[in-house]
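Trainee: Numbering (the UniProt record's numbering), first residue to last: 1 to 278. So that we are looking at the same thing, I have put the structure below in C-alpha cells.
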Amino acid sequence: MTQPQPRTPPRTRARTFDELLAEGASVPTEGWDFSWFEGRATEARPSWGYATTVAGRLGTVDGPVLDVQTGGGEVLAFALGRAARRPPLVAATEGWPPNVRKAAHTLRPYGATVVAAAEDAPLPFADASFSLVTSRHPVRPLWHEIARVLRPGGTYLAQHVGPASAFELVEYFLGPLPEESRTARDPERERRDAEAAGLEVVDLRAERLRMEFHDIAAVVHFLRKVIWMVPGFTVEAYRPRLRELHERIEAEGCFVAHSSRHLVEARRSEARAHDPRA
C-alpha cells in the first residue's frame, strides 16, 4: 500500500456501499503493485527501506542472485534498476501462475530469469548456486533450502511479515484467533530456525507499522490480494460485516490496523558446507 500522506478526503467518499464493493471486487490482484491504494489506504514503511537496501547489495555482489517468491517482480525490478551494477546472473521463483507471467514480463528488461516453483517445494537449483538470496514477504522461509542453494559466505537478505500482522482487520472478520496464531512468524523463532539450518543471523530488526483503510473498496481489494489474511474471503460471504465496517469508516474516517515486519540478514558459513539432511 502507499505510504502515509497528508490527510485528504478520499475520492470515493460519496460512492455507495454497493458501488465500493463492486469496485474492490473487480480490481486485478496479480503482482505486488499497490499503487491502486493511493488515496484510499496507507501503510507506514519500515525504517530500513528494504528495496533500497537490496539495490545497494546488488551493486556489490559478485555472484549469481536469487529472489524467492518474487510476486510480480516489482520489488526486484526496482532494486535492479537502481543498483550501481547488476549481478552476472539473476533468477527469481514464483508459485502463482498469474504472477509468474507478470514477473517474467516485468523482469525481462533486466535480464532476470523467472522459474515457476511452488512456495513449499524445494528450490529448483543446485547446491551452492547463489551468492545472494533475497525475498520480500515469503509465505514461509524454507531455511534448509535457502542454506542449501547459498554459496559458502553467501547471504540471505529478506523482509518478512511478522507476528499478528494486520490482526485488527483479520479478527474483525474471523473473531479472536488462538494464541499460536499471534506468535507465528516470531522473529526470534525464525532466528533459531535459520541457525538450525546452518546459517548465522547477522542482523534482525522488527517494527510494527500503522495501516489505515479509508474506504471499504480498499478493504475488499486488500483481502482479495493478500489471500492468507482471511482465507476463503468473498464479498458475498462477508457482506454483513463489510457493511458494518463501511459504516464505521464513514463515521470515523478510517479503519486502523498495524502491520508487522522484520528485516533478516543471515550468512552461510565459509568454514564448511552445510548438509541440510544432517
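No residue lacks a Cβ here, since even glycine has one placed at the ideal position from N, Cα and C.
For R224, count neighbouring C-beta atoms within 10 Å of its own C-beta (all shown protein chains included) and say buried if the count is 16 or more, exposed if not.
Mentor: Burial call: buried.
Trainee: Which whole-angstrom value is the C-beta distance of L58 and L89, which I expect to be below 8 Å?
Mentor: Incorrect: roughly 12 Å between the Cβ atoms, too far for contact.
Trainee: Roughly how many whole angstroms lie between the Cα atoms of T12 and V202?
Mentor: A caution first: T12 carries a pLDDT of 42, below 50, which makes its placement in the model unreliable, though a value can still be read off. If I take the Cα positions, the gap works out to 45 Å.
Trainee: Quick one: what's got a C-beta closer than 8 Å to L20's C-beta in the same chain, skipping five residues either side?
Mentor: So the list reads T12, D215, I216, A217, V220 and H246, once near-sequence residues are dropped.
Trainee: Here's the rule I'm using: 16 or more other beta-carbon atoms within 10 Å means buried, otherwise exposed. How should A278 be labelled?
Mentor: Only weak support exists for where A278 lies, its pLDDT of 40 falling under 50; the coordinates are left without a value.
Trainee: State the DSSP-derived secondary structure class of G81, mapped to helix, strand or coil.
Mentor: Of the three classes helix, strand and coil, the one that applies to G81 here is helix, per DSSP.
Trainee: Output the boundary residues of the alpha helix (DSSP H) element that contains G24.
Mentor: Run containing G24: F17 to S26, per the alpha helix (DSSP H) assignment.
Trainee: Please classify I146 as buried or exposed, where buried requires at least 16 other C-beta atoms within 10 Å of its C-beta.
Mentor: Result: buried.
Trainee: Could you compute how far the alpha carbon of P276 sits from the alpha carbon of S131?
Mentor: Here P276 scores only 45 on pLDDT, less than 50, and its place in the model is too uncertain to base an answer on.
Trainee: What does the alpha-carbon distance come out to for the pair P6 and Y156?
Mentor: Low confidence applies here, because P6 scores a pLDDT of 48, under 50, leaving its location unreliable; read the following figure in that light. Distance between the alpha carbons of P6 and Y156: 36 Å.
Trainee: For Y238, which of helix, strand or coil comes out of DSSP?
Mentor: Coil.
Trainee: Which residue from E168, E195, Y238 and W228 puts its Cα closest to that of R208?
Mentor: Considering only alpha carbons, the answer is E168.
Trainee: Could you name the residues of the same chain whose beta carbon sits closer than 6 Å to that of W143, not counting the 5 residues immediately before and after it, in chain order?
Mentor: So the qualifying residues of the chain are D193, A194 and A197.
Trainee: Comparing alpha-carbon positions, which option in H258, S259 and F213 lies nearest I249?
Mentor: Ranking the options by Cα distance to I249, first place goes to F213.
Trainee: Where V65 and P87 are concerned, what is the direct C-alpha to C-alpha distance, given to the nearest angstrom?
Mentor: When rounded, the distance between both Cα atoms is 7 Å.
Trainee: For P124, which residues in the same chain have their Cβ closer than 8 Å to its Cβ, ignoring the five residues on either side in sequence?
Mentor: If we look at P124 and ignore the five residues flanking it on each side, its Cβ neighbours are T93, V115 and A117.
Trainee: Going by CA-CA distance only, name the one from R151, E30 and E43 that's closest to I227.
Mentor: Checked all of R151, E30 and E43; the closest Cα to I227 is E30.
Trainee: Which value, in whole angstroms, describes the spacing of the CA atoms of T60 and T53?
Mentor: C-alpha separation (whole angstroms): 11 Å.
Trainee: Rounded to a whole number of angstroms, what is the C-alpha to C-alpha distance between E74 and R189?
Mentor: The alpha-carbon atoms of E74 and R189 are separated by roughly 29 Å.
Trainee: Along the chain, which unbroken stretches of the beta strand (DSSP E) at least 3 residues long are found entirely within the stretch 113–152?
Mentor: Runs found: 113–116 and 130–136.
Trainee: Tell me the DSSP bridge mates of H160?
Mentor: Its beta-bridge partners are H262.
Trainee: DSSP three-state label for L199, please.
Mentor: Strand.
Trainee: Counting only the same chain and skipping the five closest in sequence on each side, list residues whose C-beta sits under 6 Å from that of T70.
Mentor: Around T70: L76, A92, E94 and A103.
Trainee: Give me whichever residues DSSP pairs with V90 in a beta bridge.
Mentor: DSSP lists V65 as partners of V90.
Trainee: Would you say R185 and V256 are within 8 Å of each other, going by their C-beta atoms?
Mentor: Result no, Cβ atoms of R185 and V256 do not sit closer than 8 Å.
Trainee: Under three-state DSSP, which class holds L177?
Mentor: L177 falls in the coil class under three-state DSSP.
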